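Participant:
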Amino acid sequence: MSFILPLNHAVPIPVGHTVEVTEYADTRPEKTRKGWDLSEAFRHPVVLDLDTGIRYMNHVHASRAGNGGNSFAANPYPLTPRADLVVSRVYRARVTACTIVAVEGLDTQHTALALERLD
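This is the structure in structure tokens:
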């Protein structure tokens, strides 16, 4: 099955690489599930490039306190996601296309990864 995985940060994985995608559960109480809170880990999957070992995370996977600092100093982010996050599913896929889009208004980059499921 082919599909596009949208990500709100740069994930420049070469075509042909195998990735492991980890999605997280929405553990908020039912009455607080309204709106679109982008600071929740379930909104952003973690992508591990199995060919290079590079893991691509959003800051919400690394820190509960916002982005963990400021953009002028390197933040002491962990190498793996927070242990308190509840995993909802993990799957493997092959990258068939990758597009990085500059978003000037946000001063960041977004990614569209075309994936072919392997499992």
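Numbering-wise (my numbering), the sequence shown opens with residue 17 and increments by one. The beta carbon of each residue, even a glycine, is placed where N, CA and C say it ideally should be. Note that the structure is a prediction, hence the values are computed from the model and not measured.
#1: If I follow the unbroken alpha helix (DSSP H) through Ala78, where does it start and stop?
#2: Are the beta-carbon atoms belonging to Tyr107 and Val62 less than 8 angstroms from one another?
#3: Determine, using beta carbons only, whether Ser18 comes closer than 8 angstroms to chain C.
#4: Taking Tyr40 as the reference, which of Met17, Pro30, Phe58 and Ala26 has the closest Cα?
#5: Among the residues of its own chain, which have a CB less than 7 angstroms from the CB of Asp135, if the five just before and after it don't count?
#6: Which of helix, strand or coil does DSSP assign to Glu120?
#7: Quick one: grab the DSSP three-state call for Arg71.
#8: What residues in its chain sit with their C-beta under 6 angstroms from that of Ile112, if we drop five residues either side in the sequence?
Facilitator: Taking the coordinates as given:
#1: His75 to Ala78 is the span of the alpha helix (DSSP H), which, as asked, contains Ala78.
#2: Cβ distance not < 8 angstroms, so Tyr107 and Val62 don't count as in contact.
#3: In the displayed structure, chain C is absent; only one protein chain is listed.
#4: When only C-alpha atoms are compared, the closest one is Phe58.
#5: Taking C-beta separations shorter than 7 angstroms and ignoring five residues to either side along the sequence, the partners of Asp135 in its chain run Tyr107 and Arg108, following chain order.
#6: Three-state DSSP puts Glu120 in a helix.
#7: Secondary structure of Arg71 (DSSP, three-state): strand.
#8: Note on residue identity: the sequence assigns Thr, not Ile, to residue 112. If we look at Thr112 and ignore the five residues flanking it on each side, its Cβ neighbours are Ala130 and Glu132.
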